[in-house]
Amino acid sequence: MAHVDRRDFLKLAGIAGVTFTAGLFPDRKISAQTADFHFVQFSDTHWGYSGPANPDAEHTLEKAVATVNGLTNQPDFIVFTGDLTHTTEDAKERRARMKRFREIVGALHVKDVRFMPGEHDASLDAGEAYKEFFGETHYTFDHKGVHFIALDNASDPEAKLGEAQLAWLAADLKQRKVDEPIVVMTHRPLFDLYAKWDWTTADGTKAIDLLMPYQNVVVFYGHIHQEHHDMTGHIPHHAAKSLIFPQPAPGSQPKRVPLPYDPAMSGLGTRDITMGAKITLTELPVSKA
Numbered sequence: 001m002a003h004v005d006r007r008d009f010l011k012l013a014g015i016a017g018v019t020f021t022a023g024l025f026p027d028r029k030i031s032a033q034t035a036d037f038h039f040v041q042f043s044d045t046h047w048g049y050s051g052p053a054n055p056d057a058e059h060t061l062e063k064a065v066a067t068v069n070g071l072t073n074q075p076d077f078i079v080f081t082g083d084l085t086h087t088t089e090d091a092k093e094r095r096a097r098m099k100r101f102r103e104i105v106g107a108l109h110v111k112d113v114r115f116m117p118g119e120h121d122a123s124l125d126a127g128e129a130y131k132e133f134f135g136e137t138h139y140t141f142d143h144k145g146v147h148f149i150a151l152d153n154a155s156d157p158e159a160k161l162g163e164a165q166l167a168w169l170a171a172d173l174k175q176r177k178v179d180e181p182i183v184v185m186t187h188r189p190l191f192d193l194y195a196k197w198d199w200t201t202a203d204g205t206k207a208i209d210l211l212m213p214y215q216n217v218v219v220f221y222g223h224i225h226q227e228h229h230d231m232t233g234h235i236p237h238h239a240a241k242s243l244i245f246p247q248p249a250p251g252s253q254p255k256r257v258p259l260p261y262d263p264a265m266s267g268l269g270t271r272d273i274t275m276g277a278k279i280t281l282t283e284l285p286v287s288k289a
């Protein structure tokens, strides 16, 4: 199966991407029922944030929507991997932010849009408001021969998946073939990236253990506000950039604080993911228009 030519794929004026390609499904057998496709990952939009880390916070999500709407080849679907809104203890304001977020992303040309909670959306009320606007916090779906699993490691204030969700995951995986391509989407990293900064999932190793017998698994997540690539055994994990402000590299400084504002917004972006015999990740900067 041929790779999509990304230079032809991104014809939007002013958009240039950094492309990362890896043989993430080396054992995958291509069949007539499985076709190349692509989707877009948004993460950590933090709608409602106001502060010096992003003076343009009110418009950054709109610009990111415009970036994706400008792609010549529109994605099959779009996924938001958590922290849709910025945290607030005011329940009324929390819902107002979620409502406005839905209005902004409603301008996306692609209408198959899937959401996941981050701790900013869900940890203060166990996902109550989130569910009112976006539905279940964990779920599965299938697309062109790939099985997608959305896990919720944000609603629990202790950053746990919890035994009930782990049992649900185990039951779902029992229905999968060992060589079936599986994409897992989470907000926090499942592995212990840097626990001191809350860049981990308390019981994430249990989920990884459940996934380990499957040959073709890849994990996409957010939370750390930067592009990052890691491996647990044969399972690759790819963090996405934020759409509000970038964070420092894990453990690179004493405290986790947003990086200084860059008017060029070079640390922000969305990700286009092509699924095939290999996976191609193309990082899309936010349009300045």
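Sequence positions in the sequence shown follow UniProt numbering and run 1 to 289. Cβ atoms here follow ideal geometry from the backbone N, Cα and C, with glycine treated the same way. Please read these numbers as outputs of a predicted model, since none were measured by experiment.
Assigned exposure category for residue i - 16 Cβ within 10 Å defines buried
i           : result
Phe141      : exposed
residue 291 : There is no way to answer for residue 291, as the model of the chain reaches only from 1 to 289.
Phe9        : Reliability of the predicted coordinates at Phe9 is poor, the pLDDT of 32 falling under 50, and the value obtained from them is presented with this limitation in mind. Classification for Phe9: buried.
Met46       : It should be noted that the sequence gives His, not Met, for residue 46. His46 comes out buried.
Val178      : exposed
Gly269      : buried
Glu119      : buried
Val219      : buried
Pro52       : exposed
His59       : exposed
Gly251      : exposed
Ala264      : exposed
Ser266      : exposed
Ala159      : buried
Gln41       : buried
Gly48       : buried
Ser50       : exposed
Asp156      : buried
Ala129      : buried
Whole-number beta carbon distance between residue j and residue i, since they are thought to touch under 8 Å
i      : j      : result
Asp203 : Leu166 : 7 Å
Met275 : Phe80  : The pair is not a contact, with the Cβ atoms about 18 Å apart (cut-off 8 Å).
His238 : His229 : 6 Å
Ala164 : Met116 : Their Cβ separation, rounded to whole angstroms, is 17 Å, which puts Ala164 and Met116 out of contact at 8 Å.
Leu243 : Leu61  : 6 Å
Ile182 : Val217 : 5 Å
Pro258 : Gln226 : With 8 Å as the limit, Pro258 and Gln226 do not qualify as a contact, their Cβ atoms being about 11 Å apart.
Ala249 : Arg271 : Not quite, the Cβ-Cβ distance comes to about 18 Å (not below 8 Å), so this is no contact.
Asp121 : Gly82  : 7 Å
Asp125 : Ala91  : 7 Å
Phe148 : Met185 : 7 Å
Leu211 : Ile235 : 6 Å
Residues that DSSP places opposite residue i in a beta bridge
i      : result
His147 : Asp142, Ile182
Ile244 : According to DSSP, which records beta bridges pairwise, Ile244 is partnered with nothing at all.
Gln165 : None, per the DSSP bridge assignment.
Ala277 : Ala277 pairs with nothing; no bridge assigned.
Ala239 : Tyr221, His228
Test: residue i CB closer than 8 Å to a CB of chain C
i      : result
Arg256 : Among the chains in the structure shown there is no chain C, since it carries only a single protein chain.
beta-carbon residue i near the ligand SAM non-hydrogen atom, thresh 7 Å
i      : result
Glu163 : Looking for the ligand SAM in the displayed structure turns up nothing, as the structure carries no ligands at all.
If you pair each beta-carbon of the region 180-194 with each one of the region 205-221, do three or more pairs fall below 8 Å? yes
For the region 64-82 against the region 97-116, do three or more pairs of beta-carbon atoms, one drawn from each stretch, fall closer than 8 Å, so that the two count as touching? Taking 8 Å as the limit for Cβ pairs, the verdict is that the region 97-116 does touch the region 64-82.
Going residue by residue through the region 76-128, where are the continuous beta strand (DSSP E) segments of at least 3 residues, counting only ones entirely within it? 77-81, 113-116
For the region 173-225, list the alpha helix (DSSP H) runs that are entirely contained and at least 4 residues long, ordered along the chain. 204-211
Within the region 32-65, note down every full beta strand (DSSP E) run reaching 3 residues or more, in order along the chain. Those beta strand (DSSP E) runs which fall completely within the region 32-65 and span 3+ residues are 37-42.
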